[in-house]
Structures are given as C-alpha cells and as structure tokens.
Amino acid sequence: MFFALNVAVYQETLRIYGIQVWNRFLELLYAPLQHKEMLWILAPLIFTLLMIEFYFGIYVEEELGWNSAFANTLVLLFVSLDLGRNLFEKGLLFNDSIKTVIVLAVFIEAILLAFFDFFHIIPERFAFKISSSLPINFIAISAILLIYSSIRVDYITISALVLLAIILSFVIGFLHFIEPKVGNSKLLEHQT
Numbered sequence: 020m021f022f023a024l025n026v027a028v029y030q031e032t033l034r035i036y037g038i039q040v041w042n043r044f045l046e047l048l049y050a051p052l053q054h055k056e057m058l059w060i061l062a063p064l065i066f067t068l069l070m071i072e073f074y075f076g077i078y079v080e081e082e083l084g085w086n087s088a089f090a091n092t093l094v095l096l097f098v099s100l101d102l103g104r105n106l107f108e109k110g111l112l113f114n115d116s117i118k119t120v121i122v123l124a125v126f127i128e129a130i131l132l133a134f135f136d137f138f139h140i141i142p143e144r145f146a147f148k149i150s151s152s153l154p155i156n157f158i159a160i161s162a163i164l165l166i167y168s169s170i171r172v173d174y175i176t177i178s179a180l181v182l183l184a185i186i187l188s189f190v191i192g193f194l195h196f197i198e199p200k201v202g203n204s205k206l207l208e209h210q211t
C-alpha cells in the first residue's frame with residue numbers, strides 16, 4: 020500500500036513537472052514575439068545556424084577549421100556584449116544577479132573558447148565539437164531568450180532549454196538526413 024501510494028505521488032509529480040516544462044518551452048518559443056527587440060540579434064543567429072548546418076549537411080566531406088571555430092567564438096563574444104548592453108540600458112547590470120551571471124558566463128566562455136581556438140590549445144576534434152555552429156549558437160540563443168525576456172531562470176527553464184536543444188538537434192539531424200549529399204571529390208568532378 021505504501022509503495023503504491025509513493026508511485027502514484029511520483030507519477031503525479033512527474034506529470035506536473037512535464038506540464039511545467041512544456042509550458043516554459045512554449046514561453047521560450049513565444050518570447051521573441053513578446054519582446055520584439057530580441058529579433059534584431061536572434062534572427063541573424065538562427066539564419067546563420069540553419070545555413071551553416073545546411074552547408075555542412077550537403078558538403079559532408081568538409082570539416083570545420085580552426086579559423087571557423089575561432090570565428091564562431093567571436094560571434095558568442097559579440098552576443099555577450101549585446102546582452103551586457105541590454106542589461107545596462109535596463110539598469111539591470113549587476114542589479115539582477117542571475118541575468119548578470121548569465122551574461123558574464125557567456126562572455127567568459129567566449130573568451131576562453133576564442134583563446135583555446137586561436138592558440139590551438141585543446142585537441143582539434145574536441146575544439147571543433149564545442150566551437151561548431153550548433154553549440155555556440157544554441158548557447159547564444161538561450162542567453163538571448165533569458166536576458167531579453169522576463170522568463171524566470173530556474174530548473175523548469177533549464178529543463179525547457181534542454182528540451183529545446185533536443186528538438187533542435189532532431190530537426191537539424193532530420194534536415195541533414197533528407198538533404199542531398201555532395202562530397203568534395205564529387206564537387207570537383209562536377210566543376211570540370
């Protein structure tokens with residue numbers, strides 16, 4: 020009896036948690052419509068993410084280079100500066116501790132990754148994974164959604180962002196699956 024009661028409580032807790040995560044996920048998706056000022060920085064990031072992923076999905080033999088990895092980290096740096104500007108203009112820089120920590124974390128991450136990529140400090144394969152378009156742009160997009168909006172930063176929001184990352188990965192994976200593939204050797208054959 021006690022075990023059955025605990026299972027029922029556990030199931031109800033999971034159901035409520037799932038609903039909260041889904042509602043927060045929708046809140047994240049609709050945030051750009053409610054805070055249109057974020058579209059000026061969000062739209063180019065999403066467009067760039069999709070175009071780069073589309074490019075690497077077609078040209079499967081192409082690999083990210085150190086220069087591209089470094090450039091991606093600079094995008095993250097510029098985004099962090101814009102986020103800092105946004106907080107400063109609203110009078111929230113260092114007054115809203117959670118948002119300030121997010122901006123500083125993105126800024127420090129961008130500086131560290133740029134340093135690692137510029138000087139080739141970490142192994143190439145690892146550097147190219149963490150500095151590729153998807154993780155860099157996802158971090159930037161997540162930070163923009165949190166800084167520009169009034170969405171609470173808590174475990175529900177973190178869970179909703181994880182859900183967003185999973186869905187985004189599946190969507191990009193599906194696009195890679197359905198798009199035509201061209202290797203570099205085939206590309207050279209078509210050009211001659």
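Taking my numbering, the leading residue of the sequence shown gets 20, the next gets one more, and so forth.
Ideal placement from N, C-alpha and C gives every residue a C-beta, glycine not left out.
Note that this is a predicted model, so its numbers are computed, not measured.
Counted as a single uninterrupted DSSP element, the alpha helix (DSSP H) harbouring Pro63 occupies residues Leu58 to Ile77. A residue is called buried once 16 or more other Cβ atoms fall within 10 Å of its Cβ, and Asn91 is buried on that count. Close CB contacts of Phe44 within its chain, under the 7 angstroms cut and outside five residues either way in sequence, are with Ala179, Leu182 and Leu183 (chain order). The C-beta separation of Leu47 from Ile170 comes to about 7 angstroms, placing the pair in contact by the 8 angstroms criterion. Here Val98 is not near Val120, since their CB atoms are 8 angstroms or more apart.
For His195, the enclosing alpha helix (DSSP H) stretches over residues Tyr174 to Ile197. Looking at the backbone, the Cα of Asp173 and that of Val201 are separated by about 43 angstroms. Contact fails between the stretch 29-39 and the stretch 132-152, because fewer than three Cβ pairs, one in each stretch, are under 8 angstroms apart. One thing to note: Leu187 has its Cβ within 8 angstroms of the Cβ of Phe157.
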